[in-house]
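Scroll down for the structure; my scribbles are underneath it.
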Amino acid sequence: LKAKSKIDEELLEEIEEILITGDIGVDTTFTIMENIRQRVKKERYENPEELNFLLRDEIDKFIISEESNDFEIKSNAPLHVIFVIGVNGSGKTTSIGKLAAIYKSKGKKVMLAACDTFRAAACEQLEVWAERAGVAITRLADQTDPSAVIFEAMQRARNGNYDVLLIDTAGRLHTKTNLMLELGKMEKVIKRFIPEAPHETLLVIDATTGQNGLSQARHFTKTAKLSGLILTKLDGTAKGGIVIGITQELQIPVKYIGVGEQIEDLRPFSSKEFVEALFD
Amino acid sequence: QLQDKLESVFRNLRGQGVLSEENISDSLREVRRAFLEADVNFKVTKQFIDKIREKAVGTEVIKSIKPGQLIIKIIHDELVDLLGKEYVPIYENKSSLTIIMVVGLQGSGKTTFCGKLALKLKKEKKSVVLAGADVYRPAAKDQLKTLGKSMGIPVVTDDSKDAVQICKNAVKYAVDNYADYVILDTAGRLHIDEKLMAELQEVKSSVNPNEILFVVDAMTGQDAVNSAKEFSEQVDYDGIVLTKMDGDAKGGAALSIRTITGKPIKFIGVGEKPTDLEIFHPDRLASRILG
Ligand SMILES: Nc1nc2c(ncn2[C@@H]2O[C@H](COP(=O)(O)OP(=O)(O)OP(=O)(O)O)[C@@H](O)[C@H]2O)c(=O)[nH]1
Ligand SMILES: Nc1nc2c(ncn2[C@@H]2O[C@H](COP(=O)(O)OP(=O)(O)OP(=O)(O)O)[C@@H](O)[C@H]2O)c(=O)[nH]1
Ligand SMILES: [Mg+2]
Ligand SMILES: [Mg+2]
């Protein structure tokens, strides 16, 4: 792609293949390709750099990200509540551990809520992360109603003057009605405590996810309105292109990316870097 | 879904004799879209479409069958053929211990699958041992121990960071206790992580598993062939497990992996409980991809 200096049909097919294999999806790819074709008709290209700029610019337009994202808490709430949800195995628990460490390093008093009371050793896993990050954790017995854990955690967080509460939830497939109802109930409990909460509802998406990611986002946002995405496992070979369609449709930004399994492996999302990686 | 789209493409075709290149090209475009939206790999889709075109051109359009249905039948049969016509069971060492190793990317469902497979074998009156060889993930060993305890199956593990030794210990324990099966749960890892891929190779050469299963999440997109191919080349496996099929992911990754590696799909995960395990049925997955 770097060596091409003019736009021909062969190059356009190559670009289409890159977008599709990056999991950008048929419809979004089609729209981006149309925009590229229109722009190529109107403008002239002297060299590969100009062409490359055009491509990156057209794709970048499609991605919603935040202006400045440096893990600063934007709400003025005395207790900032972050609700973390997503399908099984996407990286919720690990991402919460990483976020906890970041907020702690910024001088925030952080509390974790272990609301996955269903899966084997889920609470134990979050306890290890709480210890690694040096933050507090609220956990009750396994199989306790997760809403009861939320209640307990919010109580303790408010009474103890915590700044940030990160709520870990059990992985759930978005097609399971009873599990989505459970999630909705948890959100209601949060709101009953603090009407403006959760201040952030983050959907965690595995970068290897294909077109099902769109279905996930559509279903989850109906139950608990999403405010942003965390895209995990970008340290692999998957491009995570599915987030382009999701951000467009839901008009929410990708906030962070997970780039490994260690506590320091979480970064703010940069659309420029993301688009660049598509062409690697 | 796809059937309706193809029907509308073929509305003018009824009773025209044979399918020609022109009148199927529109339908093939619809099939291509359906495949890509089902997460079938870009190149695999192209290969498949070319094959369908070959089979469809010149086919007689029987007066009683709608052309759209005919194309669907050609595709469906080709899919079932590709996905593997019959179930390939896991290896069984009738005279001594069968060692099964479970591998795959992070979060794909390996630990849960180890529990499911262990329970299935136990119900078939086999004695089973589980090995907790994920030495990295927080509480991974606890997770497997909890699963083992719930089904009365011993879990061999220790507090070390030595996955190879844990596997050796588990095999020794299984031999000493005349077990029929030992199932090795390994840590999730990236196919591009040299150190961790080397660890798998070391486990393999140390205990010589009879069966290696590659666990894949059904919602995996275009990247499926990359990890499947790399694991196949670096570790080699005997079968694939497709998990989280109880969701609405089409599972096209299974077709991609099967086409590129030729490995059989052996099991399907259909839920989080230890009983949520099914044997693979190619016709069901074919209908789902075309859904
Ligand atoms: N390589 C890599 N692995 C990750 C990343 N984030 C999470 N993981 C791994 O993915 C696996 C699943 O992570 P979890 O945090 O348990 O995922 P989860 O969404 O909480 O899972 P459930 O609670 O079971 O739904 C673990 O092995 C993590 O170490 C990442 O950014 N990169
Ligand atoms: N709905 C559903 N969930 C599943 C299935 N298989 C596994 N899970 C869930 O997926 C999540 C990840 O499963 P694990 O067994 O921890 O995955 P893993 O591959 O061992 O993860 P790592 O060891 O971190 O690589 C858990 O929440 C499981 O309950 C399945 O077939 N259906
Ligand atoms: Mg979790
Ligand atoms: Mg595991």
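For the record, the sequence lines run as chains A and B. If you count the first sequence from 1, position 5 lands on 42 in my numbering, and the numbers rise without skipping. If you count the second sequence from 1, position 36 lands on 17 in my numbering, and the numbers rise without skipping. Where a beta carbon is used, it is the ideal one built from N, C-alpha and C, also for glycine. None of these values were measured; they are calculated from a predicted model.
Taking 8 Å as the cut-off, the C-beta of K247 (chain B) does not count as close to any heavy atom of ligand 2. The shortest C-alpha to C-alpha distance from I289 (chain A) to any of A:G295, A:W166 and A:L239 is the one to A:L239.
Here L239 (chain A) carries a strand assignment [DSSP, helix/strand/coil]. Bounds of the alpha helix (DSSP H) holding P48 (chain B) are P48 to L64. For E192 (chain B), the enclosing beta strand (DSSP E) begins and ends at E192 to D198. Listed along chain A are Q162, V165 and W166, each with a C-beta nearer than 7 Å to that of P119 (chain B). Under the DSSP assignment, T127 (chain B) falls in the alpha helix (DSSP H) whose first and last residues are A121 to S131. Sequence-ordered contacts of the region 195 to 208 of chain B with chain A read D198, A199, M200, T201, G202, Q203, D204, A205, N207 and S208 [C-beta pairs closer than 9 Å]. Looking at the backbone, the Cα of K79 (chain A) and that of I73 (chain A) are separated by about 10 Å. Residue pairing for F120 (chain A): DSSP places it in a beta bridge opposite A:I204 and A:T238. Counted as a single uninterrupted DSSP element, the alpha helix (DSSP H) harbouring M178 (chain B) occupies residues E175 to V188. Beta-bridge annotation (DSSP): R156 (chain A) is not paired with any residue.
Exposure of V(-1) (chain B) is indicated by the presence of fewer than 16 other C-beta atoms within 10 angstroms of its C-beta. In the assembly as shown, G133 (chain B) is an exposed residue. Its beta-carbon has fewer than 16 other beta-carbons within 10 Å. For S127 (chain A) and R170 (chain B), the gap between their C-alpha atoms comes out near 14 Å. Closest in C-alpha terms to L78 (chain B), from the list B:D(-15), B:V188, B:Y162 and B:A179, comes B:Y162. Annotation for K79 (chain A) indicates a beta carbon at 8 Å or more from all heavy atoms of ligand 1.
Leaving aside the five residues that flank F188 (chain A) on each side, the residues in its chain whose CB is nearer than 8 Å to its CB run, in chain order, V226 and F230. Residue-level contact by beta carbon holds for S89 (chain B) and chain A, with a gap shorter than 9 Å. In chain order, L236, R239 and T240 place their CB closer than 7 Å to the CB of L63 (chain B), counting only its own chain and leaving out the 5 sequence neighbours on each side.
The Cβ of E54 (chain A) sits closer than 9 Å to at least one Cβ of chain B.
By the 16-neighbour rule on beta-carbons within 10 angstroms, L218 (chain A) is exposed. Between S132 (chain A) and G295 (chain A) a beta carbon distance of about 6 Å is seen, short of the 8 Å cut, so the two are scored as contacting. A Cβ-Cβ distance of about 5 Å is found for the pair L163 (chain A) and D205 (chain A), placing them in contact under the 8 Å criterion. By the CB criterion at 9 Å, G39 (chain B) and L(-13) (chain B) fall outside the cutoff. Our two residues, N249 (chain A) and K254 (chain B), have alpha carbons roughly 22 Å apart in a direct line.
Those residues of the region 210 to 237 of chain B placed with their C-beta closer than 8 Å to a C-beta in chain A are K225, D227, G228, D229, A230, K231, G233 and A234, ordered along the chain. Bounds of the alpha helix (DSSP H) holding A234 (chain B) are G233 to T242. A distance of 9 Å or more separates the beta carbons of K143 (chain A) and G171 (chain A). The beta carbon of G252 (chain B) lies closer than 7 Å to those of D227 in the same chain, with the five residues before and after it left out.
Going by DSSP, A144 (chain B) is part of the alpha helix (DSSP H) stretching over A144 to D157. V110 (chain B) and A168 (chain B) do not touch by the CB rule: their CB atoms are close to 19 Å apart, not below 8 Å. Annotation: Cβ neighbours of V63 (chain A) in chain B (cutoff 8 Å, chain order): R14, L17 and E18. Residue-level contact by beta carbon fails for R304 (chain A) and chain B, as no gap is shorter than 9 Å.
Excluding its 5 nearest sequence neighbours in each direction, I173 (chain B) has C-beta neighbours in its own chain below 8 Å: E211, listed in chain order. Distance from the C-beta of K91 (chain B) to the nearest heavy atom of ligand 4 is below 8 Å.
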